[in-house]
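Okay, structure first, notes after.
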Amino acid sequence: MVPVRDDTRGRIPFALLGVLLLVSSLTLAPTFVTEPAPSETAVERALNQATAETQVAVRDGVSTAGRQAAANPVVTPADTPTGRVLNDSTAFRDSLRIRAYLRVADRLGSVTGRSGDVTVTASLPTVSNASNLRAAKRRVSVERAGPNETAMRATVENVVLTVRRNGAVVSTRRVSPTVVVPNQALMLHEQVSTYQTRLNNGLDKPGLSQRMTARLYPMAWARGYAQYGGAGIENVVANRHVSLATNGALLGVQRSTFGRSDPAGRRALTEATAMTGIEDIIRGSKGTAVSSDVLDQTEYKPVSETPPRPKSTASPSPEDSMTIGVNETADTAFRSVTEPSALNETLEDAYTVEVALEVDEHRLGGGPPGKPASPGSEWTLVADRTTTSVEAVGNASGGVATPDGWHRLETFSRTVERQYTRTAVWQNGSVRRRTTVSSTARYRVTVAVVGRHHGRSVAPNRSIRTAHDASASPLNGSNLADVEPKAMDRLVGHAGGRDETAERVVDDSLGRTEATVTADRPPELHEWVYRDLMALREPIRNTTVTVERGRVGTFETNPPRELRERVAQRRADLAAVPDTYDSTAQKARAAARLTYLNAVLTELDRQASVRDSNRKRVDAQLTERTEGSLRALRKGLTARETRVPRSRPVPVGPAGPVRTRVDTQTPYLTLAELNESRYRALDGSEHPLVARNANVFTVPYGDAADAVVGGAFEGGDRVRLATAANALAAANETLEDESSATLASERDALQREVEAANEELTTTLWLAVSQHTEAEQGESKAIVTEALSPWDTPAARALALTNGSAQERVAHVAGARLNLTRVERDRLRLTLLSVDTPATRPTLESTNGTASAVRSVAKDELSKALADAGKKKAQQIATKRLGTDKLPAGLPLAPPVTPWYATANIWWVTVEGEYARFAVSASHGPPSEPGARTTYARDGHNVTLDVNDDGSTERLGTADRVSFSADTGVVVVVPPRPRGVGDKGGTAVEESSGWPHAGT
1 MVPVRDDTRG RIPFALLGVL LLVSSLTLAP TFVTEPAPSE TAVERALNQA TAETQVAVRD
61 GVSTAGRQAA ANPVVTPADT PTGRVLNDST AFRDSLRIRA YLRVADRLGS VTGRSGDVTV
121 TASLPTVSNA SNLRAAKRRV SVERAGPNET AMRATVENVV LTVRRNGAVV STRRVSPTVV
181 VPNQALMLHE QVSTYQTRLN NGLDKPGLSQ RMTARLYPMA WARGYAQYGG AGIENVVANR
241 HVSLATNGAL LGVQRSTFGR SDPAGRRALT EATAMTGIED IIRGSKGTAV SSDVLDQTEY
301 KPVSETPPRP KSTASPSPED SMTIGVNETA DTAFRSVTEP SALNETLEDA YTVEVALEVD
361 EHRLGGGPPG KPASPGSEWT LVADRTTTSV EAVGNASGGV ATPDGWHRLE TFSRTVERQY
421 TRTAVWQNGS VRRRTTVSST ARYRVTVAVV GRHHGRSVAP NRSIRTAHDA SASPLNGSNL
481 ADVEPKAMDR LVGHAGGRDE TAERVVDDSL GRTEATVTAD RPPELHEWVY RDLMALREPI
541 RNTTVTVERG RVGTFETNPP RELRERVAQR RADLAAVPDT YDSTAQKARA AARLTYLNAV
601 LTELDRQASV RDSNRKRVDA QLTERTEGSL RALRKGLTAR ETRVPRSRPV PVGPAGPVRT
661 RVDTQTPYLT LAELNESRYR ALDGSEHPLV ARNANVFTVP YGDAADAVVG GAFEGGDRVR
721 LATAANALAA ANETLEDESS ATLASERDAL QREVEAANEE LTTTLWLAVS QHTEAEQGES
781 KAIVTEALSP WDTPAARALA LTNGSAQERV AHVAGARLNL TRVERDRLRL TLLSVDTPAT
841 RPTLESTNGT ASAVRSVAKD ELSKALADAG KKKAQQIATK RLGTDKLPAG LPLAPPVTPW
901 YATANIWWVT VEGEYARFAV SASHGPPSEP GARTTYARDG HNVTLDVNDD GSTERLGTAD
961 RVSFSADTGV VVVVPPRPRG VGDKGGTAVE ESSGWPHAGT
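Just so we're aligned: the sequence shown equals residues 1 to 1000 in the UniProt record's numbering.
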């Protein structure tokens, strides 16, 4: 055996084998591998590097896009191919997505991952048209994220990572990076959108209208009550107050939305508040006009964003209660029930009873006869007739049952015989013959006269203990003692007497068995009952209900209806009807009391219906003259009490607290016209704020108030005498200090009409005195002349004649001079108070002409003083009585027919405003190391963007200005007095310059 190492057979040299293997490998290699495979480690290393850089690029691009989108926010898309890519409802978010795509795409151009000869790049598809842009938008999603959602999360889908080796593409990978960046663009956009929504919210949602209402109410009520108290305030709510309230409310909404408000706005509001106070001093007191020379020295800039709270409790507020009583309604009802014929009917009914006959008929024996005998068999009966007659033949004893609820007044019995005669007629051929038979029936007839006290009286049917006892009446009357003989006469006497009544019972010819009988009444009954009703009148008059003042003015409550319910609840106690009457007079007293109470309830019912009708008319006036309604006015009253949201706390984001700052142009939205020389953001001349302030019930007279309460009582060319008298008083007061031929002429014309009305009413008064007393006409005239002597001017006398004080004094003087009893004096007083002559109403033309002249003189005088002497002198002039404070205004609740318990007035305010530039900035991080700041600004400019990198920009949309429209109503309610409450400047609707177009 040859060892292997020694065996040389078939051996191939190793050198040759190496060569063969090398050649084989070179031959087979092209068959299995196309190119050398890159190192796996190099590719992953390059991809990881590129992915990290892509994440950075996306983060940087999204942050930049967020800042750019906030600086130029698209609110309304443009009607361009590029703008139509944006959805109308998400325009800002879509523009942010597009910006993010373009910025990220640009940043990705510098992304490179490299490892040896392996490189990785990142890219997104280029945008060349609107279709590409829409696809690009869909690749990006954005949303709020992070703590308190103060950051922004963005995802960019399908970023392409391309792997190359030595320039050749060897593979690709798609990634969708998601980043969270500390950018507040979305937060700020949503906050500004919320702010604008709140500015335009109605009264039933938190926002500008509610806050504006909360600020206007204390102003209006304080000024309204000051005017009512004689402060001479011309306009209770003027547009300067509307401007002040609006700007304060705007700052309040800013604070609740952003956590803080514009500091420049707060400073401007402080100054505007002071300037409004100066203007109120000049316009207020007893003057009318204001000079712009003084006011223009200080800008109307925009204090506290919290609605002001009155520091003094001197003026009531809408939630304060007011007490409304029955008052004059008690007199109105009293007059109707104590009018002689009405009271007589009430008392007569109480003394009227029902009477009836109850009978019992019993046959004692006998009866009708049989048929008369025939003369023979040949006779035929051709006729048969029976006649009867009745006769009372003597007294008898018997009884009759008395029905329940009735009692017996008189009873008598008779024995009555009924005679029968029966005659038969017989015929035989041509011969006739009569045969007769007679019989007698005997009856016992008992008749009872019964009575009961039901009658027609409203007094409850209760027992009268001494009904038929003539000596028991408290007024020395006969009580019901004379009812029995009257009943006997009415029922028995009418039938012919007792015997004939019994006979009629038997032959069934008794006709009338029921009747009413009225007893004689004591002569003193009328006055006794009248005095009792006078005593009852006072607790009825003093019946009151408590209602909120504001709810009275918005017609949410109906005081007459509440009073009716209150009187109805007390009706039983006030009537004081006993369980048993001591006498018929006491029943009459109860009947009169109940009749009076029913009349009060009926009158209050009528007044409640009038109140409902007036509510509809007020609503119609609001709708006709403003954009408001009673429903909206009630919302305003509720909104005034709505708790204002507190400002939100500073949110904390990923990098620390996120602080916002509001920067607006103009910081105070003034009613004046401004231009770009004041604020660069303005576009030419603009009105940042416009306002319309409508006072519904104001002078000129015969306007809305008459449409509500006066239309049914006077023509359209007439006014109430009280209204004319107040205008006349205002003219006289003005002419005491200033001379004016125009005013004197207008005053003289009105005075002649007022004097004529006074004369007619005076004549009516002395005629009433003459007719209702024993005074002759001469003495009656003397009484009225004496009574009216304290009022020696036409205006004062007219007011006395219309407010009832003159009538009260006439009754007092007549009572003293004629020695009238208490009842007679009261009757006269009520008669005089009911006097009203429609012809005594002066004309609308004279009244309005005089009022306009009063305002003109006062305005000219104060304007002249301002021009000559400045503010100090103007304030001195303003303290002079120029008469305008006496001009009446407001809606009386509710003469001329119902008692006047309050005067109300309504202001409907509408504002429209626009910020030339509204910017909100947000910064994050601690104060010592603040981070980046994002500013969101809307100024109305076009927003453009180069979307296809061709060097020209395309219009995306507009950064709409922040604008708003808000309205609210304010109602003020004061006690009844001719002066009332309302704007007395002669303009029912005050529109600011530029209305209704705010801004550009």
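Yeah, the Cβ is synthetic: ideal placement off N, Cα and C, and Gly gets one too.
(Q) Can you check which of these residues, Leu750, Val813 and Asp737, is closest to Thr773 by C-alpha distance? (A) For this step, residue 773 is matched to residue 773 along the sequence shown. Among Leu750, Val813 and Asp737, the Cα nearest to that of Thr773 belongs to Val813.
Q | Residue from Arg465, Ala441 and Val382 with nearest C-alpha to Arg434 | A | Reading the sequence shown from its first residue, position 434 is the one you call residue 434. Among Arg465, Ala441 and Val382, the Cα nearest to that of Arg434 belongs to Val382.
Q) Terminal residues of the continuous beta strand (DSSP E) containing Arg335? A) Position 335 of the sequence shown, counted from the first residue, corresponds to residue 335. Premise fails: Arg335 lies in the alpha helix (DSSP H), Glu328 to Thr338, not in any beta strand (DSSP E).
Q. Using DSSP with H/G/I as helix, E/B as strand and the rest coil, what is Gln419?
A. In the sequence shown, the residue the question calls residue 419 occupies position 419. Of the three classes helix, strand and coil, the one that applies to Gln419 here is strand, per DSSP.
**Q.** Backbone secondary structure at Gly366 - three-state DSSP
**A.** Along the sequence shown, read from residue 1 onward, the residue named residue 366 stands at position 366. Reduced to three states, the DSSP call for Gly366 is strand.
Q | According to DSSP, residues forming a beta bridge with Glu410 | A | Start at 1 with the first residue of the sequence shown, and residue 410 comes out as number 410. In DSSP, Glu410 forms a bridge with Val449.
(Q) Tell me the DSSP secondary structure of residue 1019 in three-state form. (A) The first residue shown for the chain is 1 and the last is 1000, placing residue 1019 beyond what the model contains.
Q. How big is the Cα-Cα spacing for Asn598 and Arg531?
A. The residue labelled residue 598 in the question sits at position 598 within the sequence shown. The residue labelled residue 531 in the question sits at position 531 within the sequence shown. Each residue's alpha carbon lies about 18 Å from the other.
Q) Distance, Cα to Cα, Leu525 vs Ala585? A) Taking the sequence shown and counting its residues from 1, one reaches residue 525 at position 525. Taking the sequence shown and counting its residues from 1, one reaches residue 585 at position 585. Rounded to whole angstroms, Leu525 to Ala585 spans 7 Å at the Cα level.
Q. When you compare only the Cα positions, how much space is there between Ser992 and Leu671?
A. In the sequence shown, the residue the question calls residue 992 occupies position 992. In the sequence shown, the residue the question calls residue 671 occupies position 671. The alpha-carbon atoms of Ser992 and Leu671 are separated by roughly 7 Å.
Q) Counting only runs that start and end within the region 505-570, where is the alpha helix (DSSP H) found for 4 or more residues in a row? A) 525-541 and 549-553
Q | Simplified DSSP assignment, three categories, for Asp204 | A | Locating residue 204 in the sequence shown gives position 204, counting from the first residue. It is coil, neither helix nor strand.
**Q.** Proximity of Asn200 and Ala966 at Cβ, strictly below 9 Å
**A.** The residue you call residue 200 lines up with position 200 of the sequence shown. The residue you call residue 966 lines up with position 966 of the sequence shown. In contact: Asn200 and Ala966 (Cβ atoms closer than 9 Å).
Q: Identify the continuous beta strand (DSSP E) that holds Tyr936 and give its terminal residues.
A: Taking the sequence shown and counting its residues from 1, one reaches residue 936 at position 936. Counting along the chain, the beta strand (DSSP E) containing Tyr936 begins and ends at Arg933 to Arg938.
Q | Strand pairing of Asn395, partner residues [DSSP] | A | The residue given as residue 395 occupies position 395 in the sequence shown. The partner list for Asn395 (beta bridge, DSSP) reads Arg414.
Q: Give the single residue among Leu536, Asp106, Ala725 and Ala130 whose Cα lies nearest to the Cα of Asp331.
A: Numbered from its first residue, the sequence shown carries residue 331 at position 331. Out of Leu536, Asp106, Ala725 and Ala130, Leu536 has the C-alpha closest to the C-alpha of Asp331.
Q. On the three-state DSSP scale, how would you describe Ala441?
A. Against the sequence shown, residue 441 aligns to sequence position 441. DSSP places Ala441 in strand when its eight states are reduced to three.
Q.
Please return the same chain residues whose Cβ sits closer than 6 Å to the Cβ of Gln450, not counting the five positions on each side in sequence.
A. Taking the sequence shown and counting its residues from 1, one reaches residue 450 at position 450. The identity of residue 450 in the sequence shown is Val, whereas the question assumes Gln. If we look at Val450 and ignore the five residues flanking it on each side, its Cβ neighbours are Ala356, Glu358, Thr402, Trp406 and Arg408.
Q: Might you give, ordered along the chain, the residues of its own chain that have their beta carbon closer than 8 Å to the beta carbon of Ser438, omitting 5 neighbours on each side?
A: The residue labelled residue 438 in the question sits at position 438 within the sequence shown. The answer, listed in chain order, is Pro369, Gln419, Tyr420, Thr421 and Arg422.
Q. With burial defined as no fewer than 16 other Cβ atoms inside 10 Å of the residue's Cβ, what is the status of Trp995: buried or exposed?
A. Here residue 995 is taken as the residue at index 995 of the sequence shown, counted from 1. That one is buried.
Q. Alpha carbon to alpha carbon, what distance is there between Val236 and Arg267?
A. As a first step, residue 267 must be located in the sequence shown, where it is residue number 267. As a first step, residue 236 must be located in the sequence shown, where it is residue number 236. Cα to Cα, the separation comes out at about 26 Å.
Q: Please specify which runs of the alpha helix (DSSP H), each continuous and at least 4 residues long, are wholly inside the region 589-635, giving them in chain order.
A: The DSSP assignment places no complete run of the alpha helix (DSSP H) inside the region 589-635 (cut-off: 4 residues).
**Q.** Cβ contact (3+ pairs, closer than 8 Å) linking the region 687-698 and the region 756-772
**A.** no
Q. Exposed or buried, Glu824, counting other C-beta atoms within 10 Å across all chains shown (16 or more means buried)?
A. Taking the sequence shown and counting its residues from 1, one reaches residue 824 at position 824. Under this definition Glu824 is a buried residue.
Q.
Tell me the residue span of the alpha helix (DSSP H) that contains Phe92.
A. Residue numbering aside, residue 92 sits at position 92 when the sequence shown is read from its first letter. Where Phe92 is concerned, the enclosing alpha helix (DSSP H) stretches over Ala91 to Leu108.
Q | Three-state secondary structure assigned by DSSP to residue 1001 | A | A question about residue 1001 goes unanswered here, because the residues of the chain that appear run from 1 up to 1000.
(Q) By the three-class DSSP mapping on this structure, what secondary structure does Gln184 have? (A) Taking the first residue of the sequence shown as 1, we reach residue 184 at position 184. Gln184 falls in the coil class under three-state DSSP.
Q | Cβ-Cβ separation, Phe697 to Asn905 (assumed contact under 8 Å), whole Å | A | For the purposes of this step, residue 905 is identified with residue 905 of the sequence shown, where counting begins at 1. For the purposes of this step, residue 697 is identified with residue 697 of the sequence shown, where counting begins at 1. With 8 Å as the limit, Asn905 and Phe697 qualify as a contact, their Cβ atoms being about 5 Å apart.
Q | For Val769, the first and last residue of its enclosing alpha helix (DSSP H) | A | Counted from its first residue, the sequence shown places residue 769 at position 769. Per DSSP, Val769 belongs to the alpha helix (DSSP H) from Ala741 to His772.
(Q) Please identify the residue among Ala724, Thr440, Val160 and Ala78 whose C-alpha is closest to the C-alpha of Thr51. (A) As a first step, residue 51 must be located in the sequence shown, where it is residue number 51. Measuring from the Cα of Thr51, the nearest candidate turns out to be Val160.
Q: Would you give the residue range spanned by the alpha helix (DSSP H) that His812 belongs to?
A: Taking the first residue of the sequence shown as 1, we reach residue 812 at position 812. Run containing His812: Ser805 to Leu818, per the alpha helix (DSSP H) assignment.
Q: Put residue 1001 into one of helix, strand or coil per three-state DSSP.
A: In this structure the chain extends from 1 to 1000, so residue 1001 is not present and cannot be described.
Q: Mark Glu673 as exposed unless 16 or more other C-beta atoms lie within 10 angstroms of its C-beta, in which case mark it buried.
A: Along the sequence shown, one-based indexing puts residue 673 at 673. Counting Cβ neighbours within 10 Å, Glu673 comes out exposed, since fewer than 16 surround it.
(Q) Quick test of your reading: Tyr225 and Val974, contact by CB under 8 Å. State the CB separation rounded to the nearest angstrom. (A) Within the sequence shown, residue 225 is the residue found at index 225, counting from 1. Within the sequence shown, residue 974 is the residue found at index 974, counting from 1. Between Val974 and Tyr225 the Cβ distance is about 6 Å, and since that is below 8 Å, they are a contact.
**Q.** Helix, strand or coil at Glu271 according to DSSP, with G and I counted as helix
**A.** Sequence index remark: in the sequence shown, residue 271 carries index 271 (1-based). Glu271: helix per DSSP, three-state reduction.
Q: Could you tell me which residues DSSP pairs with Glu954 in its beta bridges?
A: In the sequence shown, residue 954 corresponds to position 954, counting from 1. Looking at the DSSP assignment, Glu954 forms a beta bridge with Leu945.
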